[in-house]
């Protein structure tokens with residue numbers, strides 16, 4: 002399958018414009034049936050993105066070899082964007098926290114601080130372990146860089162420090178192997194988490210958790226300012242069916258690309274959103290506590306075919322941590338309510354952990370495997386595929402026959 006990889010920076014500027022132009026020119030001269038446009042998620046560097054695309058395409062090739070689609074002549078376009086705060090390619094050189102954390106990250110976090118607070122920030126991030134009080138102090142020092150966060154169900158709201166610390170602890174447990182899966186892990190980094198027997202907190206967990214807000218905003222910017230332009234160029238250069246794929250925050254990249262900017266010249270044909278790291282109400286007709294629909298509701302009108310989204314209770318970061326990290330101060334009471342098993346615990350609960358709600362969706366359990374039927378999906382725009390039954394066993398478990406079969410179904414319809 003012909004393949005192009007197009008790079009974007011953190012502001013959505015295309016940093017490989019020559020390759021992008023070559024892609025558009027190539028599409029004008031070649032009669033492809035389908036264009037597969039895929040974006041990776043959080044904490045994925047360039048080599049990790051290429052590996053993700055390679056593994057997914059290998060699974061997809063196997064499915065298509067065993068279950069051919071007549072007339073299918075595709076081209077693949079992979080998007081890369083800086084979604085990691087930590088440099089995986091180089092890896093840490095020393096054990097010091099200061100050298101594990103990107104200098105540019107701490108510099109950006111320190112920029113709005115006065116000199117005494119800046120000095121204290123560096124003292125705390127260089128500590129091997131923090132008390133709970135110190136950990137909360139570190140969070141308060143870091144928050145000015147992400148003090149408010151827009152998302153699919155809020156316009157702007159303050160982040161809650163206690164909730165963020167709880168989420169950071171859980172994320173640390175994941176990275177240390179105390180929990181069953183990882184959240185787009187960057188390889189080569191030392192383990193972080195609660196240290197020793199005194200309940201100390203590793204400052205790296207806190208910095209990594211705060212990257213959630215940065216990368217959430219960045220994924221939207223990359224989609225709205227960069228991929229949206231490329232997508233419109235692709236739609237204008239070819240009559241092939243355009244199929245959008247995303248993983249984790251890559252789903253936000255793709256949704257932003259079709260919901261922001263000039264109207265599409267024609268709808269995209271389908272979307273496959275794998276373990277999306279966005280609110281389960283992102284496409285809802287209405288959102289509790291907010292006037293109007295979810296922020297990505299317009300996507301339903303920009304896709305001519307169906308939108309498939311996967312979710313799984315085995316995706317611990319999205320099922321158990323995501324809504325804690327995004328909890329706002331005014332939402333604490335809501336988040337403490339014990340919900341029925343399998344139901345979203347708050348409006349911030351992730352689509353990749355619980356599936357979408359309030360958007361006319363159909364929840365299909367379990368996600369069909371190669372050769373299985375999807376049943377009658379006539380008239381449905383949004384279909385959520387449940388991988389909880391050992392079919393999607395972690396946040397990154399998306400390069401399998403199950404997700405490949407879902408894409409094959411979208412293409413064959």
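Residue numbers (the working numbering): 2 to 414.
Ideal Cβ placement from N, Cα and C applies to all residues, glycine included.
N-terminal and C-terminal residue of the alpha helix (DSSP H) that residue i is part of
{"i": "residue 116", "result": "116-126"}
{"i": "residue 385", "result": "That residue, residue 385, is in no alpha helix (DSSP H); its beta strand (DSSP E) goes 383-387."}
{"i": "residue 63", "result": "47-67"}
{"i": "residue 254", "result": "251-260"}
{"i": "residue 314", "result": "Neither: residue 314 is in no alpha helix (DSSP H) and is coded neither H nor E."}
{"i": "residue 233", "result": "229-238"}
{"i": "residue 410", "result": "402-413"}
{"i": "residue 133", "result": "133-143"}
Buried or exposed (CB count within 10 angstroms, at least 16 for buried), residue i
{"i": "residue 72", "result": "exposed"}
{"i": "residue 141", "result": "exposed"}
{"i": "residue 293", "result": "exposed"}
{"i": "residue 2", "result": "exposed"}
{"i": "residue 357", "result": "buried"}
{"i": "residue 310", "result": "buried"}
{"i": "residue 81", "result": "buried"}
{"i": "residue 55", "result": "exposed"}
{"i": "residue 19", "result": "exposed"}
{"i": "residue 120", "result": "exposed"}
{"i": "residue 289", "result": "exposed"}
{"i": "residue 330", "result": "Any reading at residue 330 must be qualified, since the residue scores a pLDDT of 42, below 50, and its modelled position is unreliable; the value itself is stated next. Its Cβ having fewer than 16 others within 10 Å, residue 330 is exposed."}
{"i": "residue 66", "result": "exposed"}
{"i": "residue 287", "result": "exposed"}
{"i": "residue 396", "result": "buried"}
{"i": "residue 206", "result": "buried"}
{"i": "residue 421", "result": "Not covered by the structure: residue 421. The range shown for the chain is 2 to 414."}
{"i": "residue 377", "result": "exposed"}
{"i": "residue 413", "result": "exposed"}
{"i": "residue 362", "result": "buried"}
{"i": "residue 181", "result": "Reliability fails at residue 181, whose pLDDT of 40 lies under 50, so the model's placement of it is uncertain and the value that follows must be treated cautiously. Burial call: exposed."}
{"i": "residue 219", "result": "buried"}
{"i": "residue 211", "result": "buried"}
{"i": "residue 285", "result": "buried"}
{"i": "residue 85", "result": "buried"}
{"i": "residue 132", "result": "exposed"}
Pick from the options that is closest to residue i, judged by C-alpha positions
{"i": "residue 57", "options": "70, 40, 360 and 69", "result": "40"}
{"i": "residue 382", "options": "269, 402, 400 and 168", "result": "269"}
{"i": "residue 225", "options": "5, 9, 28 and 3", "result": "9"}
{"i": "residue 209", "options": "118, 50 and 107", "result": "107"}
{"i": "residue 230", "options": "264, 291 and 46", "result": "264"}
{"i": "residue 144", "options": "285, 317 and 215", "result": "215"}
{"i": "residue 371", "options": "351, 355, 408 and 365", "result": "408"}
{"i": "residue 375", "options": "354, 347 and 411", "result": "411"}
{"i": "residue 37", "options": "344, 245, 137 and 373", "result": "245"}
{"i": "residue 122", "options": "129, 138, 405 and 222", "result": "138"}
{"i": "residue 136", "options": "116, 110, 113 and 163", "result": "163"}
{"i": "residue 344", "options": "312, 85, 69 and 114", "result": "312"}
{"i": "residue 360", "options": "13, 406 and 281", "result": "281"}
{"i": "residue 134", "options": "248, 267 and 203", "result": "203"}
{"i": "residue 317", "options": "276, 306 and 84", "result": "276"}
{"i": "residue 365", "options": "16, 385, 130 and 132", "result": "385"}
{"i": "residue 257", "options": "232, 115, 242 and 47", "result": "232"}
Beta-bridge partners of residue i, as assigned by DSSP
{"i": "residue 167", "result": "Paired residue(s): none; residue 167 is not in a bridge."}
{"i": "residue 288", "result": "291"}
{"i": "residue 246", "result": "39 and 273"}
{"i": "residue 304", "result": "269"}
{"i": "residue 351", "result": "280"}
{"i": "residue 309", "result": "273 and 384"}
Range covered by the beta strand (DSSP E) that runs through residue i
{"i": "residue 39", "result": "35-40"}
{"i": "residue 363", "result": "363-365"}
{"i": "residue 6", "result": "4-8"}
{"i": "residue 79", "result": "75-81"}
{"i": "residue 25", "result": "That residue, residue 25, is in no beta strand (DSSP E); its alpha helix (DSSP H) goes 18-30."}
{"i": "residue 298", "result": "That residue, residue 298, is in no beta strand (DSSP E); it is neither H nor E in DSSP."}
{"i": "residue 273", "result": "271-275"}
Heavy atom of the ligand MN within 7 angstroms of residue i beta-carbon
{"i": "residue 324", "result": "Among the ligands in the structure shown, none appear at all, so the ligand MN cannot be discussed."}
Determine contact between the stretch 290-309 and the stretch 389-402, defined as no fewer than three beta-carbon pairs at a distance below 8 angstroms. no
With a cut-off of 8 angstroms, do at least 3 Cβ pairs link the stretch 252-267 to the stretch 313-323? no
Is there contact here, the stretch 21-38 with the stretch 231-247, by at least three beta-carbon pairs under 8 angstroms? yes
Between the stretch 396-410 and the stretch 48-66, do three or more beta carbon pairs fall short of 8 angstroms? yes
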